[in-house]
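In the working numbering, the protein residues as written are 321 to 457.
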Amino acid sequence: MYLDPSIRDWVLMPIIAAMILVGILRHCATQLINTIPKSPLKDIRQGRTLTRSRQLRFTIDIPEHVFETRCQFLMDAFEKNECLKNPDAATGTPNPMQDPAAMNNTVEGRKHNMLMFVPQTIIMTWTTFFFSGFILS
Numbered sequence: 321m322y323l324d325p326s327i328r329d330w331v332l333m334p335i336i337a338a339m340i341l342v343g344i345l346r347h348c349a350t351q352l353i354n355t356i357p358k359s360p361l362k363d364i365r366q367g368r369t370l371t372r373s374r375q376l377r378f379t380i381d382i383p384e385h386v387f388e389t390r391c392q393f394l395m396d397a398f399e400k401n402e403c404l405k406n407p408d409a410a411t412g413t414p415n416p417m418q419d420p421a422a423m424n425n426t427v428e429g430r431k432h433n434m435l436m437f438v439p440q441t442i443i444m445t446w447t448t449f450f451f452s453g454f455i456l457s
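In C-alpha cells:
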C-alpha cells in the first residue's frame, strides 16, 4: 500500500500528535481526580500493634522488667480484642449497598470512565470535521 506524502504529513501526523497530547492530558487528569484511600482506624491500630509485637520479639538489649511490661501490655490488648480489626466478623459476603466504601469505588470508576469517554468523543469529532474529505486508496 502506498501512502501519499501529503496525506501522511497533513493528516496522519496531526492525528498522531493529537493522540499523544490527549494521552498526556488524560494521564494528568487521572492523577488529579484520584483520591487517596483512607485507612480505617481499626486497620491502623491493628498494624501498629503487630509492628510493636514484631519489634518486641527482635529487641535484644532491653532490661527484663521493660520486656515483661511490654509483653503484658500486648497480651492484655490481644485478650481484650482492642487491637484486632474484626475479631467476630462473619465470613459471609457483605451487602454492597450498605457499605459506603463500595459507593466510593463506584463513583471513582464512573469518574475514570467519563475521563476516557469525553476526550475520545472530542477526538472523533475533531478528526471527522477536519479530515472528512480525504480518501485512502
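Every residue, glycine too, gets a C-beta built ideally from N, C-alpha and C.
Check	Outcome
Here's the rule: buried if 16 or more other CB atoms are within 10 angstroms of the residue's CB, otherwise exposed. What is Cys348?	exposed
Measure the C-alpha to C-alpha separation of Ile364 and Ile340 and round it to an integer number of angstroms.	41 Å
Given a threshold of 16 other Cβ atoms within 10 Å of its Cβ, counted over all protein chains shown, does Cys403 qualify as buried or as exposed?	buried
Give me the Cα-Cα distance between Ile344 and Phe393, rounded to the nearest whole angstrom.	52 Å
First and last residue of the alpha helix (DSSP H) that includes Pro420?	Pro420 to Phe450
Does the structure place the segment 364 to 380 close enough to the segment 322 to 331 that three or more beta carbon pairs sit under 8 Å?	no
Can you give me the C-alpha to C-alpha distance between Val342 and Asp396, rounded to a whole angstrom?	57 Å
Would you report the Cα separation of Thr441 and Met423, rounded to the nearest angstrom?	27 Å
Return the CA-CA distance between His432 and Lys358, expressed in angstroms with no decimal places.	19 Å
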